[in-house]
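>
Protein chains: 2
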Amino acid sequence: MSGDALILAQDRFIAVWGQMSGAWGISRTMAEVHALLYITGQALCTDDIMERLQISRGNASMSIRSLLDWGIVERAHKRGDRKEYFRAEQDVWALFRAIVRERIAREVDPLLASLHEIRDMTPTDRARRGEAIPESQKHAADEHNKRLDDMLQFFQVLEKLGNRFVSPAGRGLQLAATLLTKMDVGGARP
Amino acid sequence: MSGDALILAQDRFIAVWGQMSGAWGISRTMAEVHALLYITGQALCTDDIMERLQISRGNASMSIRSLLDWGIVERAHKRGDRKEYFRAEQDVWALFRAIVRERIAREVDPLLASLHEIRDMTPTDRARRGEAIPESQKHAADEHNKRLDDMLQFFQVLEKLGNRFVSPAGRGLQLAATLLTKMDVGGARP
DNA sequence: CTCATCTTTCAGAATATTCTGAAAGTTAGT
DNA sequence: ACTAACTTTCAGAATATTCTGAAAGATGAG
Numbered sequence: 449m450s451g452d453a454l455i456l457a458q459d460r461f462i463a464v465w466g467q468m469s470g471a472w473g474i475s476r477t478m479a480e481v482h483a484l485l486y487i488t489g490q491a492l493c494t495d496d497i498m499e500r501l502q503i504s505r506g507n508a509s510m511s512i513r514s515l516l517d518w519g520i521v522e523r524a525h526k527r528g529d530r531k532e533y534f535r536a537e538q539d540v541w542a543l544f545r546a547i548v549r550e551r552i553a554r555e556v557d558p559l560l561a562s563l564h565e566i567r568d569m570t571p572t573d574r575a576r577r578g579e580a581i582p583e584s585q586k587h588a589a590d591e592h593n594k595r596l597d598d599m600l601q602f603f604q605v606l607e608k609l610g611n612r613f614v615s616p617a618g619r620g621l622q623l624a625a626t627l628l629t630k631m632d633v634g635g636a637r638p
Numbered sequence: 449m450s451g452d453a454l455i456l457a458q459d460r461f462i463a464v465w466g467q468m469s470g471a472w473g474i475s476r477t478m479a480e481v482h483a484l485l486y487i488t489g490q491a492l493c494t495d496d497i498m499e500r501l502q503i504s505r506g507n508a509s510m511s512i513r514s515l516l517d518w519g520i521v522e523r524a525h526k527r528g529d530r531k532e533y534f535r536a537e538q539d540v541w542a543l544f545r546a547i548v549r550e551r552i553a554r555e556v557d558p559l560l561a562s563l564h565e566i567r568d569m570t571p572t573d574r575a576r577r578g579e580a581i582p583e584s585q586k587h588a589a590d591e592h593n594k595r596l597d598d599m600l601q602f603f604q605v606l607e608k609l610g611n612r613f614v615s616p617a618g619r620g621l622q623l624a625a626t627l628l629t630k631m632d633v634g635g636a637r638p
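Chains as they are written, first to last, in the numbering used here: chain A, 449 to 638; chain B, 449 to 638.
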């Protein structure tokens, strides 16, 4: 009986993790493969994964490759066996550090670059002196620039915070975060 | 000439924001509508949005509705005009507080509930005493439970941290985050 | 109450994403 | 160098998501 319970719990975890995939911007299968590797804690080969998740070889191969790219799954080998095995990072904080690292590189950094580009598309107030432009247009441009700057500043803070979390010194931040949630810094107090 | 530059910069911002949509788990149009409202800073009506983004009325209506649900766009009215106008939250930090609030409610809370359910599917070591179960199975179940507990703990910290950021007292955290990035707490120092 | 105006809904069309499976590619052993 | 074992690729199929537009549903003025 007990063996079944474990398998059932694993399947449920895989399903739940798979549902999160959409919100995280990765494909469902990729999340499921990761869930399987994480929750079993074992090094599995492509065929193991195909069979357990009922997916094609191509799909398994691509999902594994993506997980390797994200750095949250690593290759493993068994002696006397030519197959490649894969094992998921077992430290949850290390897992999320890797995710944060990748998302900064894939999303925040390019976004910052684009925002800078856009910032350069309209003249600053200073750079405009002398030109005969209606006040109303100047005003609109200034407001526009302020909004861009606000956004830029926010993502710069986010990027620095993320990099700090990810860095070797980041384990300190991990501790800080944990402590913060335990501390009672509640709003309504003398 | 200058008027064009502004429009062009706005279009570029809308496009860039739209590309981020996938990673954030919202639809492209929804992101574009938000971008338009944010970057123009104006209250626009459905027809304005339809025309500027070249989308259908249905699409516009649904996207606006979603943005209202997320709490990052609000209704506005002009006197002597029956149409509804919409304006985006202009404070970037308030915007992201709203996003964090929604994502906790939509993703983290349900995930925590599911993880707890899954945790209850396998017996704890304590609850197992007396039963005749092979050692190896007991061991597997214990490891499984530990992995679930690790994950559970992580998301509990994340949830508390998020709630604190979102709370009225959260502006303190905002300041803390900004300061953190300005402080030099670098790793390699005496 | 009726009309005119504006908003929402939703079935089907358009589009985008993900998956399959067979073929091509790679590698280790002999 | 050949072969068997294993992995990756990718065109097309399957699936899922998003969008359209017309019809139904509101709402307020007169």
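Think of the CB as a built atom: it goes at the ideal place given N, C-alpha and C, for glycine as much as any other residue.
Rounded to whole angstroms, what is the Cα-Cα separation between E522 of chain B and I547 of chain B?
As a first step, residue 522 of chain B is located in the second sequence; it is residue number 74 there, counting from the start. As a first step, residue 547 of chain B is located in the second sequence; it is residue number 99 there, counting from the start. Approximately 14 angstroms between the Cα atoms of the pair.
> Excluding the 5 residues preceding and the 5 following K436 of chain A in the sequence, name in chain order all residues of the same chain whose CB lies nearer than 6 angstroms to its CB.
Chain A is shown from 449 up to 638; residue 436 of chain A falls before or after that span and cannot be answered.
> Quick one: which unbroken alpha helix (DSSP H) runs of 4-plus residues sit fully inside the region 511-561 of chain B? Chain order, please.
For the region 511-561 of chain B, whole alpha helix (DSSP H) runs of length 4 or above, ordered along the chain, are 540-551.
> Any C-beta of chain B sitting closer than 8 angstroms to the C-beta of S584 of chain A?
Taking the first sequence and counting its residues from 1, one reaches residue 584 of chain A at position 136. So no, S584 of chain A is outside the interface.
> H592 of chain B CB to nearest chain A CB: under 8 angstroms?
As a working note, residue 592 of chain B is residue 144 in the second sequence. H592 of chain B counts as touching chain A.
> Determine the direct distance from the alpha carbon of G610 of chain B to that of D597 of chain B, and round the result to whole angstroms.
Residue numbering aside, residue 597 of chain B sits at position 149 when the second sequence is read from its first letter. Residue numbering aside, residue 610 of chain B sits at position 162 when the second sequence is read from its first letter. Taking the straight line from one Cα to the other gives about 20 angstroms.
> Please check if any C-beta of chain B sits within less than 8 angstroms of the C-beta of M510 of chain A.
As a working mapping, residue 510 of chain A is identified with position 62 in the first sequence. Closer than 8 angstroms: no.
> In or out: Q458 of chain B buried (at least 16 other Cβ within 10 Å) or exposed?
Working through the second sequence from its first residue, we reach residue 458 of chain B at position 10. Buried: at least 16 other Cβ atoms inside 10 Å.
> Would you check if the distance between the CB atom of L515 of chain B and the CB atom of R500 of chain B is smaller than 8 angstroms?
As a first step, residue 515 of chain B must be located in the second sequence, where it is residue number 67. As a first step, residue 500 of chain B must be located in the second sequence, where it is residue number 52. Taking 8 angstroms as the Cβ cut-off, L515 of chain B and R500 of chain B do not qualify as a contacting pair.
> At the level of alpha carbons, what is the spacing between H482 of chain B and D496 of chain B?
Position 34 of the second sequence, counting from 1, holds the residue named residue 482 of chain B. Position 48 of the second sequence, counting from 1, holds the residue named residue 496 of chain B. Whole-angstrom Cα-Cα distance: 13 angstroms.
> For a quick check, are the C-beta atoms of A479 of chain A and G466 of chain A less than 8 angstroms apart?
Counting from 1 along the first sequence, the entry for residue 479 of chain A is found at position 31. Counting from 1 along the first sequence, the entry for residue 466 of chain A is found at position 18. Their beta carbons are under 8 angstroms apart, which means A479 of chain A touches G466 of chain A by this criterion.
> What is the DSSP secondary structure of G635 of chain A, counted as helix, strand or coil?
Here residue 635 of chain A corresponds to residue number 187 of the first sequence, with the count starting at 1. Unreliable placement is indicated for G635 of chain A, whose pLDDT of 43 sits below 50; the coordinate value is still reported in the next sentence. Looking at G635 of chain A - three-state DSSP - the assignment turns out to be coil, as it is neither helix nor strand.
> Quick check: what's the CA-CA separation for I462 of chain A versus V614 of chain B?
To locate residue 462 of chain A, count along the first sequence from 1; it is residue 14. To locate residue 614 of chain B, count along the second sequence from 1; it is residue 166. Roughly 30 angstroms between the two C-alpha positions.
> Are three or more beta carbon pairs between the region 562-574 of chain B and the region 583-603 of chain B nearer than 8 angstroms?
They touch, by the three-pair rule.
> Give me whichever residues DSSP pairs with L492 of chain B in a beta bridge.
As a working mapping, residue 492 of chain B is identified with position 44 in the second sequence. According to DSSP, L492 of chain B bridges with B:F534.
> Run the proximity test for R535 of chain B: is its beta-carbon closer than 7 angstroms to any non-hydrogen atom belonging to the ligand NAP?
Ligands displayed in this structure: none; no statement on the ligand NAP is therefore possible.
> Skipping 5 residues on each side, what residues in its chain have a beta carbon closer than 6 angstroms to that of R637 of chain B?
Numbered from its first residue, the second sequence carries residue 637 of chain B at position 189. A caution first: R637 of chain B carries a pLDDT of 40, below 50, which makes its placement in the model unreliable, though a value can still be read off. Around R637 of chain B: no qualifying Cβ.
> Check each residue of the region 598-618 of chain B: if its Cβ is closer than 8 angstroms to any Cβ of chain A, include it; give the result in chain order.
Within the region 598-618 of chain B, the residues whose Cβ lies closer than 8 angstroms to some Cβ of chain A are D598, M599, Q601, F602, Q604, V605, K608, L609, R612, S615, P616, A617, listed in chain order.
> Going by DSSP, what residue range makes up the alpha helix (DSSP H) through H610 of chain B?
The residue labelled residue 610 of chain B in the question sits at position 162 within the second sequence. The question names His, but residue 610 of chain B in the sequence shown is Gly. 583-614 is the span of the alpha helix (DSSP H), which, as asked, contains G610 of chain B.
> Measure the CB-CB distance between M498 of chain B and A508 of chain B and report whether it falls below 8 angstroms.
For this step, residue 498 of chain B is matched to residue 50 along the second sequence. For this step, residue 508 of chain B is matched to residue 60 along the second sequence. Against a cut-off of 8 angstroms, the Cβ pair of A508 of chain B and M498 of chain B comes out as a contact.
> Any idea what DSSP makes of Q458 of chain A, helix, strand or coil?
For the purposes of this step, residue 458 of chain A is identified with residue 10 of the first sequence, where counting begins at 1. Helix.
> Quick check: is the beta carbon of I566 of chain A nearer than 8 angstroms to any beta carbon in chain B?
Indexing the first sequence from 1 puts residue 566 of chain A at position 118. Cβ-Cβ to chain B under 8 angstroms: yes for I566 of chain A.
> So, does the CB of A483 of chain A fall closer than 8 angstroms to a CB anywhere in chain B?
Numbered from its first residue, the first sequence carries residue 483 of chain A at position 35. Judged by the 8 angstroms Cβ criterion, A483 of chain A is not in contact with chain B.
> Whole-angstrom Cβ separation of V464 of chain A and L559 of chain B, contact assumed at under 8 angstroms?
Residue 464 of chain A sits at position 16 when you count from the first residue of the first sequence. Residue 559 of chain B sits at position 111 when you count from the first residue of the second sequence. Rounded, the Cβ-Cβ distance is 7 angstroms, consistent with contact.
> Near Y533 of chain A, which residues of its chain fall below 8 angstroms by C-beta distance, leaving aside the five closest residues on each side in sequence?
Your numbering for residue 533 of chain A matches position 85 in the first sequence. If we look at Y533 of chain A and ignore the five residues flanking it on each side, its Cβ neighbours are A491, L492, C493, R523, A524, H525, K526.
> Give the DSSP-derived three-state secondary structure of T477 of chain B in the structure shown.
The residue labelled residue 477 of chain B in the question sits at position 29 within the second sequence. Residue state, collapsed to three classes: helix.
> So, is A589 of chain B buried or exposed, given that buried needs 16 or more other C-beta atoms within 10 angstroms?
Working through the second sequence from its first residue, we reach residue 589 of chain B at position 141. Result: buried.
> From A:D517, A:Q538, A:S584, pick the residue whose C-alpha is nearest to that of R549 of chain A; which is it?
Position 101 of the first sequence, counting from 1, holds the residue named residue 549 of chain A. When only C-alpha atoms are compared, the closest one is A:D517.
> Please report the straight-line C-alpha distance between L456 of chain B and A575 of chain A, rounded to a whole angstrom.
The residue labelled residue 456 of chain B in the question sits at position 8 within the second sequence. The residue labelled residue 575 of chain A in the question sits at position 127 within the first sequence. Roughly 19 angstroms between the two C-alpha positions.
> Between which residues of its own chain and H592 of chain B is the CB-CB distance below 7 angstroms, once the five residues before and five after are set aside?
For the purposes of this step, residue 592 of chain B is taken as residue 144 along the second sequence, with counting starting at 1. Only T570 meet the Cβ criterion.
> Counting only beta-carbon atoms, is R545 of chain A nearer than 8 angstroms to chain B?
Counting from one through the first sequence, the residue named residue 545 of chain A turns up at place 97. So no, R545 of chain A is outside the interface.
> Distance check for K608 of chain B and T629 of chain A, CA to CA, integer angstroms please.
As a first step, residue 629 of chain A is located in the first sequence; it is residue number 181 there, counting from the start. As a first step, residue 608 of chain B is located in the second sequence; it is residue number 160 there, counting from the start. Cα to Cα, the separation comes out at about 6 angstroms.
> For V540 of chain B, return the contacting residues in chain A, with the cut-off set at a CB-CB distance below 8 angstroms.
By one-based count along the second sequence, residue 540 of chain B stands at place 92. Those are D598, M599, Q601, F602, listed as they occur along chain A.
> Evaluate R513 of chain B with the Cβ neighbour count: other Cβ atoms within 10 Å of its Cβ, from every protein chain shown; 16 or more gives buried, anything less gives exposed.
Position 65 of the second sequence holds residue 513 of chain B. By the neighbour-count rule (16 or more Cβ atoms within 10 Å), R513 of chain B is not buried but exposed.
> What does G528 of chain A reach in chain B if we use C-beta pairs closer than 8 angstroms?
Translated into the one-based positions of the first sequence, residue 528 of chain A becomes position 80. Those do not exist, as G528 of chain A stays about 23 angstroms from chain B at its closest Cβ, beyond 8 angstroms.
> What did DSSP end up calling S469 of chain B once you bin it into helix, strand or coil?
Here residue 469 of chain B is taken as the residue at index 21 of the second sequence, counted from 1. Reduced to three states, the DSSP call for S469 of chain B is helix.
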